[in-house]
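Under full-length UniProt numbering, the first residue of the sequence shown carries the number 1, and numbering increases by one thereafter.
Backbone N, C-alpha and C define an ideal beta-carbon position, used for all residues, glycine too.
Because the structure is a prediction, the values reported are computed rather than measured.
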Amino acid sequence: MKLYEIVSPALLGVGLLGYGLWLVVYRLVFHPLARFPGPKLAAASYWYDLYYDWFAGPEFGKSASNIEHLHDRYGPIVRIAPDEIAIQDPDMYDVLFSGRHDKSLRNYHAMGSPGSIAQTADHEHHRIRRAPLNSFFSRRSILNLEPIVKSKIELLSQGFDGFLQRRETLHIGTAFTSLGIDVISDYAFGQSWGCLDDPAFSPRWKQTITMLLRAVPILKHIPWLFSFLNKLAETRLTSVNPNMGSYSGFRKHIHAQVRRLILERQEVQDKKPLTDQPRTVFEALLDSDLPPEEKVAHRVADEALVLVIAGGETTAGSLTSLLFHLLSNPVLLKEVRAEIDCVMPDPDSLADWSTLERLPHLHAAIKETLRISSLITNRPQTVVRDEVLEYGTWRIPAGTIVSMSMPGIHLDPNIFPNPNEFMPGRWMGGDAKGLDKYYVPFHRGSRACVGQNLAHCEIYLAAAAILRRFNLELFDT
Numbered sequence: 001m002k003l004y005e006i007v008s009p010a011l012l013g014v015g016l017l018g019y020g021l022w023l024v025v026y027r028l029v030f031h032p033l034a035r036f037p038g039p040k041l042a043a044a045s046y047w048y049d050l051y052y053d054w055f056a057g058p059e060f061g062k063s064a065s066n067i068e069h070l071h072d073r074y075g076p077i078v079r080i081a082p083d084e085i086a087i088q089d090p091d092m093y094d095v096l097f098s099g100r101h102d103k104s105l106r107n108y109h110a111m112g113s114p115g116s117i118a119q120t121a122d123h124e125h126h127r128i129r130r131a132p133l134n135s136f137f138s139r140r141s142i143l144n145l146e147p148i149v150k151s152k153i154e155l156l157s158q159g160f161d162g163f164l165q166r167r168e169t170l171h172i173g174t175a176f177t178s179l180g181i182d183v184i185s186d187y188a189f190g191q192s193w194g195c196l197d198d199p200a201f202s203p204r205w206k207q208t209i210t211m212l213l214r215a216v217p218i219l220k221h222i223p224w225l226f227s228f229l230n231k232l233a234e235t236r237l238t239s240v241n242p243n244m245g246s247y248s249g250f251r252k253h254i255h256a257q258v259r260r261l262i263l264e265r266q267e268v269q270d271k272k273p274l275t276d277q278p279r280t281v282f283e284a285l286l287d288s289d290l291p292p293e294e295k296v297a298h299r300v301a302d303e304a305l306v307l308v309i310a311g312g313e314t315t316a317g318s319l320t321s322l323l324f325h326l327l328s329n330p331v332l333l334k335e336v337r338a339e340i341d342c343v344m345p346d347p348d349s350l351a352d353w354s355t356l357e358r359l360p361h362l363h364a365a366i367k368e369t370l371r372i373s374s375l376i377t378n379r380p381q382t383v384v385r386d387e388v389l390e391y392g393t394w395r396i397p398a399g400t401i402v403s404m405s406m407p408g409i410h411l412d413p414n415i416f417p418n419p420n421e422f423m424p425g426r427w428m429g430g431d432a433k434g435l436d437k438y439y440v441p442f443h444r445g446s447r448a449c450v451g452q453n454l455a456h457c458e459i460y461l462a463a464a465a466i467l468r469r470f471n472l473e474l475f476d477t
């Protein structure tokens, strides 16, 4: 006898409804987090978060701003999902993120790169995967890379000259994305993608990455969708959306670069033992002591995808924000330019990163940009596996997801008065050192952004070159 002959659809429906009601009652009344403050809908279902990401405004991704409102209403500790607690207390940051905790991936599945360190949940597994990358992104390594960064900035300046000669309006974010991609692709693969060689700065890559990042609030709720899209042919995706087709081409290009590196490294190993030091990030990864399953093409390609997106877009966003704020504040712009002029009397001779870091007004302007623009907008989530986490009178059970908003720290008026105002001077007074504890644009701890030294190098050098060589004006913004 078939199952459908024993259980009628009506009875099955009643059973599912009963299970759903029981689950809601359990989450609201009997769950270990039932006592914590927060909206009942958030405690009952993950659909609450989905609603604010998908339907709560003209743009996707309103969940983050909604959580800020929940803290205003309920206080510093709020239950925002059936198994998640949000804490908004900057003094708890190191407690949550500096230990050996695992990471919840609920907000990170959207990138579709499960082999990357960004999507590695287990603390020990993350440590193993990240180890081969750390030395390549140390300050010492980036200082050695500085000539390559400078060479890319010369190409950037030539591109600016081209726009000036053609009397065309420049989308500066596109230019900076091209800079970031060319630097990281050269360093990671040993071959630059040549975005800066295009007189228009290869706008399709900027459009593709922007589309991808805007889709994160959608895709984090349907994590299987990215895997499905990755299996579709580029032509099919293009017929749905040209930018989606560009993303497919973007991913294929990365896979091709990774396969090339693997084959080249294997050929060298077959001929003689490796005695030369790896020159690129992924040569180092492939030559490392990682187990073989960590060096397969699809895993390395996942790492590369996240590295290129992060390297291309986060630096671009910071540089764009920096120039916007400086061009909007003529007094600040004059102070920064005066400093740069002193160390770059010849505009064609770009000062070193270490020299530019010591310029107080430029240094303060960059720190304030990174504070106010908050590179990490997705709330980091940690899982305290084996211990109860105490916060005031609250005891958060082991296994609970605990999160904190980065903008919530950087825009806290108790720490940064007038937090939405661009005020570089806050980093130049006697109290500036006390603010560093709450300055986390690249996250902190074992999960901190691996490329933060490279980002700083690019931002200082590019900002100095552009401000010394060109007189820019804001247009239609």
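Asked: Hey, out of TYR19, LEU263, ILE222 and HIS126, whose CA is closest to GLU46's CA?; Found: Here residue 46 is Tyr; the residue named in the question, Glu, does not match the sequence. Out of TYR19, LEU263, ILE222 and HIS126, ILE222 has the C-alpha closest to the C-alpha of TYR46.
Asked: Apply the 10 Å Cβ neighbour rule to GLY317 and answer buried if 16 or more other Cβ atoms are within range, or exposed otherwise.; Found: buried
Asked: Label CYS457 either buried or exposed according to how many other C-beta atoms from any shown protein chain fall within 10 Å of its C-beta, with 16 as the threshold for buried.; Found: buried
Asked: Please list, in chain order, all residues of the same chain as ASP102 whose beta carbon is under 8 angstroms from its beta carbon, the five residues on each side excluded.; Found: ALA121, ASP122, HIS123, THR382, VAL383 and ARG385
Asked: Distance, Cα to Cα, THR174 vs LEU23?; Found: 48 angstroms
Asked: How do the stretch 173-187 and the stretch 147-158 stand: do at least 3 beta-carbon pairs fall below 8 angstroms, yes or no?; Found: yes
Asked: Let me know the secondary structure DSSP gives TYR391 once reduced to three states.; Found: strand
Asked: Can you give me the Cβ contacts of PHE137 inside the same chain, cut-off strictly under 7 angstroms, excluding the 5 residues immediately before and after it?; Found: VAL450, GLY451, ASN453 and LEU454
Asked: Counting Cβ pairs closer than 8 angstroms, one from the stretch 361-372 and one from the stretch 393-404, do we hit at least three?; Found: no
Asked: For the beta strand (DSSP E) holding ALA86, just list the boundary residues, first then last.; Found: 84-87
Asked: How far does the alpha helix (DSSP H) with SER185 in it extend, from its first residue to its last?; Found: 172-189
Asked: At what residues does the beta strand (DSSP E) containing ALA81 begin and finish?; Found: 77-81
Asked: Classify THR275 as helix, strand or coil using the three-state DSSP reduction.; Found: Low per-residue confidence applies at THR275: pLDDT is 48, beneath 50, and the placement is therefore not dependable, though the value from the model is reported in the following sentence. If DSSP states are grouped into helix, strand and coil, THR275 belongs with coil.
Asked: Report the CB separation of VAL258 from ALA200 in whole angstroms; it is logged as a contact under 8 angstroms.; Found: Incorrect: roughly 27 angstroms between the Cβ atoms, too far for contact.
Asked: Could you name the residues of the same chain whose beta carbon sits closer than 8 angstroms to that of THR275, not counting the 5 residues immediately before and after it, in chain order?; Found: Residue confidence is low: THR275 scores 48 on pLDDT, short of 50, so the model does not pin down where it sits. No coordinate-derived value is stated.
Asked: What do you reckon, are the CB atoms on ILE340 and LEU461 nearer than 9 angstroms?; Found: no
Asked: So within the stretch 327-393, which uninterrupted beta strand (DSSP E) runs reach at least 3 residues, ignoring any that extend past its ends?; Found: 381-383 and 389-391
Asked: Could you give the C-beta distance for PHE282 and ALA188, rounded to a whole number, given that I count them as a contact under 8 angstroms?; Found: 6 angstroms
Asked: Taking Cβ positions, are VAL308 and ILE117 nearer each other than 9 angstroms?; Found: no
Asked: If I measure Cβ to Cβ from PHE250 and keep anything under 6 angstroms in the same chain, skipping five residues before and after, which residues do I get?; Found: THR208
Asked: Whole angstroms are fine: how far does the CA of TYR19 sit from the CA of PRO9?; Found: 15 angstroms
Asked: Is it the case that the stretch 72-80 contacts the stretch 24-41, given that we only count it when at least three CB pairs across the two stretches are under 8 angstroms?; Found: yes
Asked: By a C-beta neighbour count over all protein chains shown, 10 Å radius and 16 as the cutoff for buried, is GLY311 buried or exposed?; Found: buried
Asked: Can you list, in chain order, the residues of its chain whose CB lies under 6 angstroms from that of ARG129, leaving out five sequence neighbours each side?; Found: ILE117 and THR120
Asked: What did DSSP end up calling LYS103 once you bin it into helix, strand or coil?; Found: strand
Asked: Please classify ASP53 as buried or exposed, where buried requires at least 16 other C-beta atoms within 10 Å of its C-beta.; Found: buried
Asked: Where does the unbroken alpha helix (DSSP H) through SER65 begin, and where does it stop?; Found: 63-74
Asked: With a threshold of 7 angstroms on Cβ separation, who are the neighbours of LEU196 within its own chain once the five nearest residues in sequence on each side are excluded?; Found: LYS152, LEU155, LEU156, GLY159, SER178, LEU179 and ASP182
Asked: Verify whether the separation of the beta carbon atoms of PHE422 and LEU332 is less than 9 angstroms.; Found: yes
Asked: Can you grab the Cα-Cα spacing for the pair SER403 / PHE470, in whole Å?; Found: 43 angstroms
Asked: Are there 16 or more other CB atoms within 10 angstroms of the CB of ARG299, so buried, or fewer, so exposed?; Found: buried
Asked: Rounded to whole angstroms, how far is the Cβ of THR320 from the Cβ of PHE176, which I believe are closer than 8 angstroms?; Found: 6 angstroms
Asked: Since SER98 sits in a beta bridge, which residues does DSSP pair it with?; Found: Beta-bridge pairing links SER98 to no other residue.
Asked: Looking at the unbroken alpha helix (DSSP H) that takes in ILE142, where does it start and where does it end?; Found: 139-166
Asked: In the structure shown, what three-state DSSP assignment does VAL450 receive?; Found: coil
Asked: Any heavy atom of the ligand NAD within a distance shorter than 8 angstroms of the CB on ASP198?; Found: The model depicted lacks the ligand NAD and carries no ligand whatsoever.
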